Amino acid sequence: MNILFVCTDNFTRSVVAELCLKHYIKENNIDSIKVASAGVRANSDTSKYSSIHFDRMRELNIDTSSFKRTPFKHNFFEYYDFIITMGIEHKKYFEETYGRKIHLFNEILLGEETSLVVPPPDKDGKYLLEINKMVDTLHEAMPLFVVKLKELQVKRKLKSIDFSNVKTEVVSLVLDDMLQHIGSNDGELRDELIYSMLGKLILGDYLKTEQMTSVLRICLSEDYLFYEVGEFNRDSVFKRAFSSLVVTLILIKDKQQPFLTTETVRETINLAISYMQQEKDVRGHVDGKGWAHAIAHGADLIDAVVNHPSFSIVKAREILNVIGNSLLCNEIYIDDEDERLTVPVVSLLQKGISEETIIDWLTSLFKETHDGLQLNDFRKRTNLSNFFKTLYFHFLFKNSGAMIRQTIESLLKNKQGTVTSL
1 MNILFVCTDN FTRSVVAELC LKHYIKENNI DSIKVASAGV RANSDTSKYS SIHFDRMREL
61 NIDTSSFKRT PFKHNFFEYY DFIITMGIEH KKYFEETYGR KIHLFNEILL GEETSLVVPP
121 PDKDGKYLLE INKMVDTLHE AMPLFVVKLK ELQVKRKLKS IDFSNVKTEV VSLVLDDMLQ
181 HIGSNDGELR DELIYSMLGK LILGDYLKTE QMTSVLRICL SEDYLFYEVG EFNRDSVFKR
241 AFSSLVVTLI LIKDKQQPFL TTETVRETIN LAISYMQQEK DVRGHVDGKG WAHAIAHGAD
301 LIDAVVNHPS FSIVKAREIL NVIGNSLLCN EIYIDDEDER LTVPVVSLLQ KGISEETIID
361 WLTSLFKETH DGLQLNDFRK RTNLSNFFKT LYFHFLFKNS GAMIRQTIES LLKNKQGTVT
421 SL
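Here's what the structure looks like:
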């Protein structure tokens with residue numbers, strides 16, 4: 001991947017970015033990235049400009065010996081994979097002069113269309129502080145910047161795939177990229193591109209049996225489905241939530257065209273149940289990062305488990321218990337989690353579980369949340385109430401589960417005098 005940073009004179013911002021990135025990739029033995037810098041007027045007189053940014057870089061042990069001002073040339077568009085401007089003014093220049101849309105540094109790093117600003121010289125010493133701050137900011141940003149660069153590269157690669165003429169070697173390459181970035185906090189990459197494309201590859205017969213088995217093994221691992229499980233309000237939820245969706249896709253595919261061994265299916269079912277027992281991050285949509293929805297995705301996984309031909313009804317109570325565990329959390333669900341959690345319950349009834357078993361389970365949940373007066377008790381009752389109502393209408397629309405519906409009506413009526421939310 002060839003990267004070019006561009007600013008006005010190729011003396012301060014683009015140079016610092018270039019040298020900081022060179023330092024980072026050298027320190028981390030990254031040989032897949034090559035970096036340079038240029039300026040839109042790199043032949044300008046810089047004799048009056050301060051060079052204190054070089055002093056600061058040397059203090060940070062950043063090698064500045066490769067510094068060389070380079071005027072931007074049109075053929076750079078062909079050589080560099082990504083041309084990155086440091087300021088909005090440079091981005092506008094490229095759009096107006098070359099008709100090209102160029103990425104901003106802060107746009108890649110922070111998702112913000114803002115400039116990295118060089119302060120004007122002053123007489124009270126703030127210039128030195130501000131320049132040093134700029135150098136430090138770029139130096140410290142490079143680990144995340146490299147991650148974002150790689151994500152940008154994967155986005156470009158995925159958007160270029162033509163499924164009408166996709167080649168096996170291309171599938172293998174993008175498969176590795178997608179699994180590597182499935183936990184990205186970039187919603188477009190994670191949800192709209194990676195998950196969408198994995199769905200096409202898995203369900204559309206683009207993957208070989210050994211590839212799907214390998215993907216399943218990876219997504220069920222400690223580094224994916226169980227990555228930091230039990231934690232909440234952390235970005236690790238994206239990796240777990242979207243790994244669970246991939247496992248769901250593979251179970252659906254195996255139901256349609258069996259390819260997994262009996263032992264692999266058994267292990268997958270047990271791990272899926274174990275995961276749902278441990279998942280504690282109940283967020284739905286996360287501002288600026290898109291869908292986490294671990295509970296909803298986990299419910300989809302549990303439903304795929306129940307609907308798999310190898311699922312044994314003896315595990316029905318275990319399934320109901322993990323659903324109940326998800327319902328009785330200390331936050332009120334707001335993104336249709338209750339809707340998704342009802343689906344495997346309906347599937348269990350279709351699979352042959354008795355209405356009495358479900359009624360017994362619903363009644364025990366009701367009793368467990370009946371008397372508490374704390375805020376968390378109220379939230380649990382709210383989730384349970386919403387779940388009851390959703391489940392009721394599921395069965396009503398299907399004209400099934402008459403005994404279950406009658407029980408739900410009775411439970412909700414009995415609750416009115418004690419908990420008005422029901």
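1 is the number of the first residue of the sequence shown in UniProt numbering; add one for each residue after it. We treat Cβ as the ideally placed atom computed from N, Cα and C, and that holds for glycine. In this text, all values refer to a predicted model and were calculated from it rather than measured experimentally.
With 16 other Cβ atoms within 10 Å as the buried cut-off, status of residue i
i	result
residue 459	Residue coverage of the chain in this structure runs from 1 to 422, which leaves residue 459 outside it and unanswerable.
residue 8	buried
residue 422	Residue placement at residue 422 is flagged as unreliable, the pLDDT there being 38, under the threshold of 50; the coordinate-derived value follows with that caveat. Per the 10 Å Cβ criterion, buried.
residue 403	exposed
residue 24	buried
residue 345	buried
residue 288	exposed
residue 408	buried
residue 303	buried
residue 433	Given that the chain is displayed from residue 1 to residue 422, the structure contains no residue 433 and the question cannot be resolved.
residue 106	buried
residue 3	buried
Neighbourhood of residue i by C-beta distance below 7 Å, restricted to the same chain and skipping five residues each side
i	result
residue 95	101
residue 189	151, 154, 155 and 181
residue 46	9 and 11
residue 277	322 and 325
For residue i, three-class secondary structure by DSSP
i	result
residue 143	helix
residue 73	coil
residue 118	coil
residue 179	helix
residue 290	strand
residue 60	coil
residue 36	strand
residue 23	helix
residue 11	coil
residue 94	helix
Contact set for residue i: own chain, Cβ-Cβ below 6 Å, skip 5 residues either direction
i	result
residue 324	365
residue 467	Not covered by the structure: residue 467. The range shown for the chain is 1 to 422.
residue 386	338
residue 254	260
residue 235	185
Enclosing beta strand (DSSP E) for residue i [first to last residue]
i	result
residue 5	2-7
residue 85	82-85
Enclosing alpha helix (DSSP H) for residue i [first to last residue]
i	result
residue 382	375-397
residue 46	From DSSP, residue 46 is part of no alpha helix (DSSP H); its letter is neither H nor E.
residue 360	355-368
residue 106	105-110
residue 202	196-203
Minimum Cβ-Cβ distance from residue i to chain D less than 8 Å
i	result
residue 296	Considering every chain present, this structure includes no chain D. It has just one protein chain.
Neighbourhood of residue i by C-beta, 8 Å cutoff - its chain only, sequence neighbours within 5 removed
i	result
residue 414	none
residue 152	82, 103 and 108
residue 56	131, 132, 135 and 136
residue 405	392, 395 and 396
**Request:** Taking only runs that begin and end inside the segment 208-269, name each unbroken alpha helix (DSSP H) of 4 or more residues, in chain order.
**Result:** Within the segment 208-269, the complete alpha helix (DSSP H) runs of at least 4 residues are 209-219 and 236-256.
**Message:** As an exercise, report each continuous alpha helix (DSSP H) stretch of at least 4 residues that is fully enclosed by the segment 304-336, in chain order.
**Reply:** If we require 4 residues or more, the alpha helix (DSSP H) runs fully inside the segment 304-336 come out as 316-327.
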